[in-house]
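Peer 1:
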Amino acid sequence: MNVAVSSVPRPGHAPVKLGLSGALAWRNLWRNRRRTLLSAGAIAFSVALLTFAMSMQAGTYGTMVDNATQLLHGHLQLQRRGYLDDPRIENALHPAADRVAQIRAIPGVVAATSRIAAFALVSGYDRSFGAQLLGVDPAGERALSTLPNMLSEGRYIENGAEAYAGRVLARNLDVSVGGQIVVLGTGPSGGVAALAVTLVGTFASGIAELDRQLLEVPYAAVAEAFEMDDSAHAIVVRAESVPRAAAIAQALRKEARADEVVLEWPALLPDLEQAIMLDRAAGNVMFGILAAIVTIGVLNSFLMTVFERTREFGMLLAMGMRARAVLVLLQAEALLLSAMGCAAGVAIGVPLVLLVGRIGIPVGDSGAAMRAFHIADRLHPALSTAAIVRSVVLLMVCSQLAALLPALRVLRIQPVEALRAA
Amino acid sequence: MMRCSIVLIFLITSAFGAAEAAEPPTAHDLIAGVIDLTRGQTSYAEFSMVIHRPDWERSSKLVAWTRGREDALIRFTAPAKDAGNATLKQGQQMWTFTPKLNRVIRLPFSMMSQGWAGSDFSYNDLSRTDQLLHDYELALIGDETRDGHRQYTVEAVPHDDAPVVWGKEQLVLRDDYVLLGQTFFDQAMKPLKRLESREIRTMGGRTFATRMRMVPLDKPDEWTEIAYDQAQFDMKIDDGMFTVFALQSGRTQ
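Protein sequences appear in the order of chains A and B.
Positions 1 to 422 (this note's numbering) are the ones given, in order, by the first sequence.
Positions 1 to 253 (this note's numbering) are the ones given, in order, by the second sequence.
(1) Quick one: does the C-beta of A/Ser-189 sit closer than 8 Å to a heavy atom of the ligand NAD?
(2) Let me check understanding here. Comparing Cα to Cα, which of A/Glu-224, A/Ser-128 and A/Ala-48 lies closest to A/Met-340?
(3) According to DSSP, is B/His-149 part of a helix, a strand, or is it coil?
(4) What in chain A is Cβ-close to B/Ile-105, meaning under 7 Å?
(5) Could you run through the stretch 192-224 of chain A and flag, in chain order, every residue whose CB is less than 7 Å away from some CB of chain B?
(6) Taking only runs that begin and end inside the stretch 317-347 of chain A, name each unbroken alpha helix (DSSP H) of 4 or more residues, in chain order.
(7) What residues from chain A crowd round B/Asp-55, counting only those whose CB sits closer than 7 Å?
(8) If we count the other Cβ atoms within 10 Å of its Cβ and call it buried at 16 or more, is A/Glu-141 buried or exposed?
(9) Closest to B/Thr-145 by C-alpha separation, out of B/Glu-137, B/Glu-225, B/Asp-221 and B/Arg-174, would be which residue?
(10) I want to see whether chain B comes within less than 9 Å of A/Ser-301, judged by CB atoms only; does it?
(11) DSSP state of A/Lys-254, grouped into three classes?
(12) Distance cutoff 9 Å, beta carbons only. Does B/Met-111 sit that close to anything in chain A?
(13) Where does A/Val-175 sit, in a helix, a strand or coil, going by DSSP?
(14) Flag this pair as yes or no: are the beta carbons of B/Leu-195 and B/Gln-187 separated by less than 9 Å?
(15) Just checking my contact of A/Thr-198 with A/Ala-225 at CB under 8 Å: how many whole Å lie between their CB atoms?
(16) Expressed to the nearest angstrom, what Euclidean distance is found between the alpha-carbon atoms of A/Leu-336 and A/Ile-289?
(17) By alpha-carbon positions, which one of A/Gly-19, A/Leu-72 and A/Glu-312 ends up nearest to A/Gly-135?
(18) Is A/Arg-167 near A/Thr-113, with beta carbons less than 9 Å apart?
(19) Pairs of beta-carbons, one from the stretch 399-410 of chain A and one from the stretch 52-59 of chain A, closer than 8 Å: are there three or more?
(20) Let me check understanding here. Comparing Cα to Cα, which of A/Glu-216, A/Arg-212, A/Val-350 and A/Val-261 lies closest to A/Asp-85?
(21) Could you please give the first and the last residue of the uninterrupted beta strand (DSSP E) stretch that includes A/Arg-33?
(22) Near A/Arg-409, what residues of its chain come up, given a Cβ to Cβ distance below 7 Å and the 5 sequence neighbours on each side ignored?
(23) Does B/Phe-121 have its Cβ less than 9 Å from a Cβ in chain A?
(24) Does the beta carbon of B/Phe-242 sit closer than 9 Å to a beta carbon anywhere in chain A?
(25) Would you be able to state if there are at least three C-beta pairs under 8 Å between the stretch 115-129 of chain A and the stretch 210-222 of chain A?
(26) A/Gly-320: buried (16+ other C-beta within 10 angstroms of its C-beta) or exposed?
(27) Cutting at 7 Å between CB atoms, please list the residues of its own chain near B/Trp-116, excluding the five before and the five after it.
(28) Taking 9 Å as the CB-CB cut-off, is A/Gly-187 touching chain B?
(29) If the cut-off is 7 Å on Cβ atoms, which residues from the stretch 67-90 of chain B count as contacting chain A, listed in chain order?
(30) If you draw a straight line from the alpha carbon of A/Arg-324 to that of A/Leu-411, how long is it in whole angstroms?
(31) Whole-angstrom Cβ separation of B/Asp-120 and B/Trp-223, contact assumed at under 8 Å?
(32) Quick one: which chain C residues come within Cβ less than 9 Å of B/Gly-250?
(33) Determine the chain A residues that contact B/Lys-100 at a beta-carbon separation under 8 Å, and present them in chain order.
(34) Does the count of Cβ pairs from the stretch 148-157 of chain A and the stretch 93-112 of chain A closer than 8 Å reach three?
(35) So, under 8 Å CB-CB, A/Ser-427 and B/Pro-108 are touching, yes? Tell me the CB distance rounded to an integer number of Å.
(36) Give me, in chain order, the residues of the same chain whose beta-carbon lies closer than 7 Å to that of B/Pro-131; leave out the 5 immediate sequence neighbours on both sides.
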């Protein structure tokens, strides 16, 4: 504390000096060591908790988006403009094969494949249902989608007149692996499209909509039946990562033809985006409550400080220190306090996130509802600088405000009365 | 005295008769009349269908047989690529036959009210089934005289448990049961598609709407039109016609 003593201002000089205030503030903080440690501890705890919770969110959302996009939709899709809102069969891209080759060559693209999609009547021996028919390139799908690995029975399609159907769809049709399925639809210019395929495998994705409605058939067979050679309703792209996908989408948009549109996952999976937004909003409420509790704690501690030190402030004012300088002193104390707390919080929170991130938090059988939102059975928080910065900034702003309110009392202190007070 | 009575009786009865004619028929009778006019006991029709879309237009030729109010068989005869595709409705069941696969497929009954063969007509619209009589509450809401005919408007609201996608339908028809137009409303009572009769002629001894166009009201560039080329009524049709076997055999006579 020698620093503080040696830098006592010379008489006649009482401007607001941050260096001086800082030194004084540092010394003042340690005048009540226990209170300071408790307040800093509360801030540290909150910062650690917020960092952890925000990393948890980021990790969960990241996993959700990864799982959901890898299942079927990819990170981004190239479609004909208008197809998303009006998915009729004639709204297709053409030619598709060259475009896929071009996209595969873009750095950062892991896989790209074209699909024909048609709503069709699918029937077994005696039962028929409406279903979503996808004409897919089997090799392309294996590289892009996790659906080929979600085998329930049989195998994935190769080439020829084969079908890979949702388990529930196959059961509803009363067709087992090896059985015949007939697909009837309407071609792009109104003609009858008919296709007979052998069911070679079924999948169980856990997502009711897909298991009940989806049927994959090799591209060539669908293109022939629907007379859609070299056309695609979607060119589906998987990138190295979600941020990388955003950059690729940006680049694709620049060179896209007028009738093409590049769609990223929030547009392809609006339900998922909404679920994340909802969860984020709920999280923000919790963070707000936490910040409010810590703010009240810091507020209380500074209120005590101001009451206890009324006499001291009176003396400082009597010596000619300006009230504003006292305010700055108190703000500097708050800043040092929250800086200490935040540093400790980050020091606790970051290793905690890294450790838990490696191990994962088991959530048991995640249940159908969780699977529907692509949440895995183990949650892994993902450390992000955004999480650290946001929690530190939030708590520093809050504690600064908490210190300001009681400090405003100083402006109303009459030096004479204050000197007599204690 | 006797003569007087006869004249009196004649006057009274004719007065009653006149009163009876002025009394509008029930909505049920009107709709039954519309259905029976174009179906008869049995009917055979050849017609063409044009599906119009902003990017393309497709013409097909079809033949259709009906028996009573429930059974119908419709078969494509052109273009060559689609020829032979056929749909059979027998009672409450439906099948379709695809020559490309040589397979008969049983259709879910819900397909009755969905767009048929890529057109704006549903199978119900095409085969003029009697669903309106079974599944709807019918009410006469309009009655006016125009072009020498009385013209009625019937509102049909489906029963709560009816397998119907529409909120309601409105039919405009003449006193000789010629259907002039039909508007389909969604559940929010917003008009969704409209059937317009564009030509009324006498064919096979009956006068009816021989050219009709279905227009989805939210897509002004799209429509489907059907026009009768030939029609016969009340002739003898082999009972075997309305069977899955006949559907598959592809017979056209």
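Note that the Cβ used here is the ideal one computed from N, Cα and C, for glycine as well.
Peer 2: For this structure:
(1) The ligand NAD is not part of the structure shown, which contains no ligands of any sort.
(2) Start at 1 with the first residue of the first sequence, and residue 340 of chain A comes out as number 340. Of the listed residues, the one whose Cα sits closest to A/Met-340 is A/Ala-48.
(3) Looking up residue 149 of chain B in the second sequence gives position 149. Correct three-state label for B/His-149: strand.
(4) To locate residue 105 of chain B, count along the second sequence from 1; it is residue 105. Result: Ser-123, Ser-128, Val-182 and Leu-184.
(5) Val-192, Ala-194 and Ala-196
(6) none
(7) Looking up residue 55 of chain B in the second sequence gives position 55. Simply Glu-90.
(8) By one-based count along the first sequence, residue 141 of chain A stands at place 141. Flag for A/Glu-141 reads buried.
(9) On the second sequence, residue 145 of chain B is found 145 positions in, with the first residue counted as 1. Selected option, being the one with the closest Cα: B/Arg-174.
(10) Position 301 of the first sequence, counting from 1, holds the residue named residue 301 of chain A. It does not: the Cβ of A/Ser-301 has no partner Cβ on chain B nearer than 9 Å.
(11) For this step, residue 254 of chain A is matched to residue 254 along the first sequence. Helix at A/Lys-254.
(12) Taking the second sequence and counting its residues from 1, one reaches residue 111 of chain B at position 111. Yes, because at least one Cβ of chain A sits closer than 9 Å to the Cβ of B/Met-111.
(13) On the first sequence, position 175 is the one that residue 175 of chain A refers to. Note: A/Val-175 maps to coil in three-state DSSP.
(14) Taking the second sequence and counting its residues from 1, one reaches residue 195 of chain B at position 195. Taking the second sequence and counting its residues from 1, one reaches residue 187 of chain B at position 187. No, the Cβ-Cβ distance between B/Leu-195 and B/Gln-187 is not below 9 Å.
(15) Mapped onto the first sequence, residue 198 of chain A falls at position 198. Mapped onto the first sequence, residue 225 of chain A falls at position 225. Rounded, the Cβ-Cβ distance is 15 Å, inconsistent with contact.
(16) Translated into the one-based positions of the first sequence, residue 336 of chain A becomes position 336. Translated into the one-based positions of the first sequence, residue 289 of chain A becomes position 289. Rounded to the nearest angstrom, the two C-alpha atoms are 23 Å apart.
(17) Taking the first sequence and counting its residues from 1, the one referred to as residue 135 of chain A is at position 135. Taking only the C-alpha atoms, the option nearest A/Gly-135 is A/Leu-72.
(18) Indexing the first sequence from 1 puts residue 167 of chain A at position 167. Indexing the first sequence from 1 puts residue 113 of chain A at position 113. Their beta carbons are not under 9 Å apart, which means A/Arg-167 does not touch A/Thr-113 by this criterion.
(19) no
(20) Translated into positions along the first sequence, residue 85 of chain A becomes position 85. For A/Asp-85, the nearest C-alpha among the options comes from A/Val-261.
(21) As a working mapping, residue 33 of chain A is identified with position 33 in the first sequence. Not the beta strand (DSSP E): A/Arg-33 falls in the alpha helix (DSSP H), residues 33-68.
(22) Within the first sequence, numbered from 1, the residue matching residue 409 of chain A stands at position 409. Only Val-306 meet the Cβ criterion.
(23) Walking along the second sequence from the start, residue 121 of chain B turns up at place 121. By this cut-off, B/Phe-121 is not an interface position.
(24) Along the second sequence, read from residue 1 onward, the residue named residue 242 of chain B stands at position 242. So, not an interface residue.
(25) yes
(26) Within the first sequence, the letter at position 320 stands for residue 320 of chain A. Under this definition A/Gly-320 is an exposed residue.
(27) Within the second sequence, the letter at position 116 stands for residue 116 of chain B. So the qualifying residues of the chain are Ser-122, Tyr-123 and Leu-126.
(28) Taking the first residue of the first sequence as 1, we reach residue 187 of chain A at position 187. By this cut-off, A/Gly-187 is an interface position.
(29) Lys-81, Asp-82 and Asn-85
(30) Working through the first sequence from its first residue, we reach residue 324 of chain A at position 324. Working through the first sequence from its first residue, we reach residue 411 of chain A at position 411. Spanning the two alpha carbons is a distance of roughly 8 Å.
(31) The residue given as residue 120 of chain B occupies position 120 in the second sequence. The residue given as residue 223 of chain B occupies position 223 in the second sequence. The Cβ separation is near 6 Å, so the contact holds.
(32) The chain labelled as chain C is not found among the protein chains of the depicted structure, namely A and B.
(33) Residue numbering aside, residue 100 of chain B sits at position 100 when the second sequence is read from its first letter. Ordered by position in chain A, the residues that pass the 8 Å Cβ test against B/Lys-100 are Val-192 and Ala-194.
(34) no
(35) Within the shown structure, residues of chain A are numbered from 1 to 422, placing residue 427 of chain A beyond reach of any answer.
(36) Looking up residue 131 of chain B in the second sequence gives position 131. Correcting the residue identity first, residue 131 of chain B is Gln in this sequence and not Pro. Cβ neighbours of B/Gln-131 beyond the five flanking positions: Asn-124.
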